[in-house]
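Q: I'd like to ask some things about the structure below.
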Amino acid sequence: MCVSAQRDAVHAGCPVKRDWGWVYEELRDLQRADAADLRREAEEEAAPFVPRAESPAPADEVVDLGLIPYEDALERVRRTSPPPPRRAHRTRRI
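Sequence positions in the sequence shown follow the working numbering and run 12 to 105.
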């Protein structure tokens, strides 16, 4: 319970009980567990959030990445891009 909620509860006349038993149980479990158990438990808890990697393609399979040669890509950009802005000519001040 946060401090402000605790003050509100005391002000309202509600008894506020601090139960720290669970903390001591967790510490005891952590001290008794070995590294492999802790690692396995952490992996199980994190499993729903870990992105699953796709299975890699076999080495002899050709994968088309949809890439085009550099020159073709450069030509496509030149054709589809707007022309560069023209520079304004400087006027001479007298």
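Ideal Cβ placement from N, Cα and C applies to all residues, glycine included.
Taking the alpha helix (DSSP H) that residue 102 belongs to, which residues open and close that run?
A: Taken as a continuous stretch (DSSP letters only), residue 102 belongs to no alpha helix (DSSP H), as it is neither H nor E.
Q: When the Cα atoms are used, what is the spatial distance from residue 103 to residue 88?
A: 37 Å
Q: Residue 77 lies in the alpha helix (DSSP H); which residues open and close that run?
A: Unbroken run through residue 77: none, as it is neither H nor E.
Q: Which two residues bound the contiguous alpha helix (DSSP H) that contains residue 34?
A: 32 to 43
Q: If you draw a straight line from the C-alpha of residue 47 to the C-alpha of residue 91, how long is it?
A: Spanning the two alpha carbons is a distance of roughly 57 Å.
Q: For the alpha helix (DSSP H) that residue 29 lies in, which residues bound it at each end?
A: Looking at the DSSP string, residue 29 is not in any alpha helix (DSSP H), and its letter there is neither H nor E.
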